[in-house]
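Colleague: In the UniProt record's numbering, the protein residues as written are 1 to 218.
Every residue gets a Cβ at the ideal spot worked out from N, C-alpha and C, and that includes glycine.
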Amino acid sequence: MAQDLSLSYSNSETIINKANFSIDSGSFIFITGASGSGKSTLLKSLYGALKPKQGSLIVGGVELRGVTSAKLNFLRRHVGIVFQDYKLVKEWTIEKNIMLPLIINGYEKGVTQNQVDSLLKHVRLKHQAGKYPLELSGGEQQRVAMARALAHNPILILADEPTGNLDDYSSQLIWNLLEGANEQLKTTVIVVTHNIPRNMNVAYKHFNIEYGSVHEVV
Ligand SMILES: Nc1ncnc2c1ncn2[C@@H]1O[C@H](COP(=O)(O)OP(=O)(O)OP(=O)(O)O)[C@@H](O)[C@H]1O
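Structure below.
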């Protein structure tokens with residue numbers, strides 16, 4: 001999916017340098033690397049927030065080098081993204097936050113409500129449905145962000161250190177959701193992390209970034 005891929009911000013140094021890697025649809029991938037090695041940069045490129053400087057990057061059949069905004073919008077409708085800082089809409093209840101991708105994708109009202117109820121149950125936040133993000137703990141907000149990312153059954157989930165600052169309970173719920181989506185819905189999952197959990201229940205591949213190169217760790 002990436003061929004001689006180079007990434008940089010404006011005219012500054014090259015962060016990813018002629019990387020070649022391929023990720024099979026339905027796989028579970030961890031991306032590691034030292035701080036500043038380019039993990040988040042690579043993740044950004046996978047949803048088109050940073051366009052390739054050189055080479056080719058194809059995600060979900062879409063070439064992201066020089067991609068049009070129409071094609072990018074189409075791709076993003078099939079991708080779920082989880083950021084380290086949640087990025088929830090703070091003026092909306094957590095229920096409405098989770099509904100957002102379903103509304104964008106034109107789901108029927110009844111289906112939307114069922115899906116939101118089911119996700120709220122999975123992240124153990126049914127009793128908090130009417131609260132606003134800032135009334136929740138960090139771990140709870142990240143669980144909402146994960147539920148929102150999964151709501152529309154995306155083909156690809158991109159998560160940037162989704163359990164970075166979370167306690168064991170919230171972390172385990174997040175991993176359960178990611179593993180469940182991968183196993184049951186065949187969602188491709190790509191996670192940037194400093195620590196790969198020891199008790200993973202699904203097969204995964206591990207890529208490490210070092211000096212601008214992306215290598216599979218076997
Ligand atoms: N918006 C930006 N503009 C310019 N340079 C940036 C920008 N974002 C990141 N960088 C630079 O790109 C390099 C890689 O950053 P990136 O955030 O991808 O690293 P990372 O591996 O995710 O690090 P960490 O583990 O600390 O989060 C760093 O040198 C950083 O300063």
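Cα-Cα, which of 80, 136, 112 and 76 is closest to residue 157?
Modeller: For the purposes of this step, residue 157 is identified with residue 157 of the sequence shown, where counting begins at 1. Nearest C-alpha to residue 157: 80.
Colleague: Checking the sheet assignment: what are the DSSP bridge partners for residue 33?
Modeller: Indexing the sequence shown from 1 puts residue 33 at position 33. Partner(s): 209.
Colleague: Compute the Euclidean distance between the alpha carbons of residue 141 and residue 121, then round it to the nearest angstrom.
Modeller: One-based indexing of the sequence shown puts residue 141 at position 141. One-based indexing of the sequence shown puts residue 121 at position 121. Using only the alpha carbons, I get a separation of about 14 Å.
Colleague: Quick check on the DSSP output: the beta strand (DSSP E) that includes residue 84 runs from which residue to which?
Modeller: In the sequence shown, counting from the first residue as 1, residue 84 sits at position 84. Premise fails: residue 84 is in no beta strand (DSSP E) and is neither H nor E.
Colleague: Around the C-beta of residue 146, are 16 or more other C-beta atoms found within 10 angstroms, so that it is buried, or is it exposed?
Modeller: What you label residue 146 is simply residue 146 of the sequence shown in a count that begins at 1. With 16 or more other Cβ atoms within 10 Å, it is buried.
Colleague: Hey, is residue 219 close to ligand 1, as in C-beta under 7 Å from one of its heavy atoms?
Modeller: Since the first and last residues shown for the chain are 1 and 218, residue 219 lies out of range.
Colleague: Is residue 41 a contact residue of ligand 1, with contact defined as CB to any heavy atom under 7 Å?
Modeller: In the sequence shown, the residue the question calls residue 41 occupies position 41. Correct: residue 41 has its Cβ closer than 7 Å to ligand 1.
Colleague: Suppose the cutoff is 7 Å on Cβ atoms and the five residues either side in sequence are ignored; what does the same chain contact list for residue 50 look like?
Modeller: Here residue 50 refers to the residue found at position 50 when the sequence shown is read from its first residue. Only 7, 41 and 44 meet the Cβ criterion.
Colleague: Answer yes or no: the CB of residue 12 versus the heavy atoms of ligand 1, is any distance below 7 Å?
Modeller: Mapped onto the sequence shown, residue 12 falls at position 12. Result yes, Cβ under 7 Å from ligand 1.
Colleague: Assuming residue 177 is part of the alpha helix (DSSP H), what are its boundary residues?
Modeller: Here residue 177 refers to the residue found at position 177 when the sequence shown is read from its first residue. Residue 177 -> alpha helix (DSSP H) spans 168-184.
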